[in-house]
Amino acid sequence: MAKVCWPYFDPEYENFSTRINPPRVSVDNISYPDCTLIKVDSVNKPGILLEVVQILTDLDLIITKAYISSDGGWFMDVFHVTDQQGNKITDNKTIDYIEKALGPNGYNMESVKTWPGKKVGVHSVGDHTAIELIGRDRPGLLSEISAVLANLQFNVATAEVWTHNSRIACVLYLNDNSTNLAVDDPTRLSVMEEQLKNILRGCEDDKKVGRTSFSMGFTHVDRRLHQMFFADRDYEGGGVTTEVDYPPSFKPKITVERCEEKGYSVISVQCKDRAKLMFDIVCTLTDMQYVVFHATISSDGPYASQEYFIRHMDGCTLDTEGEQERVIKCLEAAIQRRVCEGLSLELCAKDRVGLLSEVTRVLRENGLTVSRAGVSTVGEQAYNVFYVRDASGNTVDAKTIEALRKEIKDTIKLNVKKIPTSAKAPEANGWAKTSFFFGNLLEKFLA
């Protein structure tokens with residue numbers, strides 16, 4: 004079969020086509036009793052599926068079903084969505100945002116007040132400097148990183164931390180303690196970079212050397228973390244398939260087949276359902292230069308079934324065993340990077356320089372290992388979520404939690420929650436309503 008390459012897109016022609024045939028978006032709360040139906044019809048272009056899924060997941064919507072078709076010059080999507088509690092989307096602000104973001108002027112997001120907390124870049128979250136770190140994970144590493152930043156008088160306003168296959172990746176937004184502005188002094192930045200590199204340098208026999216860099220682009224944070232791990236090749240090695248990294252209840256089943264009639268490769272994914280699963284898969288396929296032409300997504304109770312009809316950007320299918328194995332490993336890693344079992348610790352306190360360093364030090368001294376973390380600041384309040392286990396990778400016992408409560412000062416509110424293995428996203432109490440609490444900042448940015 005001849006190669007069918009992704010068509011060349013002339014920006015002027017694309018803009019002209021969009022003006023003639025602007026995207027059509029509908030939010031339907033009538034057709035189904037248990038979900039909201041979101042339909043998107045648009046001129047096709049590379050990456051459009053990821054853009055749409057990204058907008059929906061940034062709103063913390065749960066995609067229970069989806070039907071995708073983008074063969075040819077037109078893109079058609081149907082999403083069945085609910086909020087985190089399984090209810091329809093009835094909030095007028097959220098509906099208005101969906102219609103604007105997915106509408107005629109939404110994809111460049113210039114006419115829509117975007118969500119700064121989901122972008123990476125020097126100017127992406129007001130007056131903050133964004134830095135990226137990746138290296139070998141070890142107990143207490145996050146505590147060491149935050150201690151260096153506190154000693155240098157950097158305040159961590161927002162951060163996301165993921166770990167997978169003995170590696171750690173972080174995106175942190177910093178500002179100067181005295182000015183609350185981005186740091187542009189090259190000497191201070193150089194000192195910080197050198198000290199962080201020393202922490203990440205790891206063992207001499209580690210073939211992968213830790214890296215730190217200043218983020219200059221404007222990439223979605225979750226996508227950037229996937230890209231950092233992918234570039235770090237975290238999907239390689241025996242650790243990817245061990246039961247330590249992959250709890251049996253979450254281990255995905257991924258297959259690659261060929262659709263001879265249409266000339267597609269068919270990726271089938273079956274695994275435990277969870278929030279942002281579709282985003283993680285579509286993000287990985289897109290960054291691996293694969294185009295999704297058709298897809299069917301469904302959830303049956305706690306399990307998800309997803310099927311993607313894809314070709315490479317050059318029009319080729321996955322014909323070799325090596326290509327198929329690589330895609331399977333990469334998707335498996337992308338799915339597992341968000342998987343957390345054990346306990347989540349939700350902390351709320353008045354923000355101050357050194358707060359993150361203090362909290363992570365207490366976690367380290369109590370023998371807790373952080374598998375994922377999120378840090379956010381709203382006004383003068385700091386909100387931190389840590390997914391933790393003990394040093395052996397087991398669930399933290401009650402005695403350790405009680406000791407932790409005693410050591411945490413009265414000025415810090417601590418909420419401890421067990422992560423249910425069947426939940427799509429860990430439920431939270433009060434301020435942290437999602438697995439990663441950036442969703443509750445939406446109203447602030449839309450106000």
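So the sequence shown is residues 4 to 450, counted in this note's numbering. For every residue, glycine included, the Cβ atom is placed at its ideal position computed from N, Cα and C.
Check: Would you mind stating whether L53 and T289 have Cβ atoms separated by less than 9 Å?; Outcome: yes
Check: Near K200, what residues of its chain come up, given a Cβ to Cβ distance below 6 Å and the 5 sequence neighbours on each side ignored?; Outcome: T215
Check: Give the range of the alpha helix (DSSP H) segment to which D61 is assigned.; Outcome: 51-61
Check: Excluding the 5 residues preceding and the 5 following Q273 in the sequence, name in chain order all residues of the same chain whose CB lies nearer than 6 Å to its CB.; Outcome: K256, S308
Check: Where does A234 sit, in a helix, a strand or coil, going by DSSP?; Outcome: helix
Check: By alpha-carbon positions, which one of Q292, G396, N180, E197 ends up nearest to G345?; Outcome: G396
Check: In terms of residues, what are the limits of the alpha helix (DSSP H) holding D303?; Outcome: D303 -> not in any alpha helix (DSSP H); beta strand (DSSP E) instead, spanning 293-303.
Check: Consult DSSP for T398 and reduce its assignment to one of helix, strand or coil.; Outcome: coil
Check: For I404 and T60, I'd like the C-alpha separation in whole angstroms.; Outcome: 32 Å
Check: For S301, tell me which candidate among I41, N32, H83, N47 has the shortest Cα-Cα distance.; Outcome: H83
Check: Return the Cβ separation of N178 and D130 in integer angstroms, given the expectation that the two are a contact with Cβ distance under 8 Å.; Outcome: 6 Å
Check: Ignoring anything shorter than 4 residues, give me the alpha helix (DSSP H) runs that lie fully in the segment 372-416, in order along the chain.; Outcome: 401-410
Check: Mapping DSSP to helix, strand and coil, what is D44?; Outcome: strand
Check: For the candidate residues G304, V362, P49, whose alpha-carbon lies nearest to that of V159?; Outcome: V362
Check: Of all the options G370, I51, V259, which has the alpha carbon lying nearest to the alpha carbon of V294?; Outcome: I51
Check: Can you grab the Cα-Cα spacing for the pair K121 / V224, in whole Å?; Outcome: With a pLDDT of 43 at K121, under the threshold of 50, the modelled position of this residue cannot be trusted, and the question is left open.
Check: The beta strand (DSSP E) spanning Q327 covers which residue range?; Outcome: No beta strand (DSSP E) holds Q327; the alpha helix (DSSP H) holding it covers 324-339.
Check: Please determine if the segment 153-171 and the segment 375-394 are in contact, where contact requires at least 3 C-beta pairs separated by less than 8 Å.; Outcome: yes
Check: May I ask you to report which of helix, strand or coil DSSP gives T215?; Outcome: strand
Check: Pull up the distance between the alpha-carbon of N90 and that of L40, whole angstroms please.; Outcome: 12 Å
Check: Return the CA-CA distance between I411 and L358, expressed in angstroms with no decimal places.; Outcome: 11 Å
Check: Per DSSP, R170 forms a beta bridge with which residues?; Outcome: R139, H167
Check: DSSP state of Y100, grouped into three classes?; Outcome: helix
Check: On the DSSP bridge list, what partners appear for K420?; Outcome: S347
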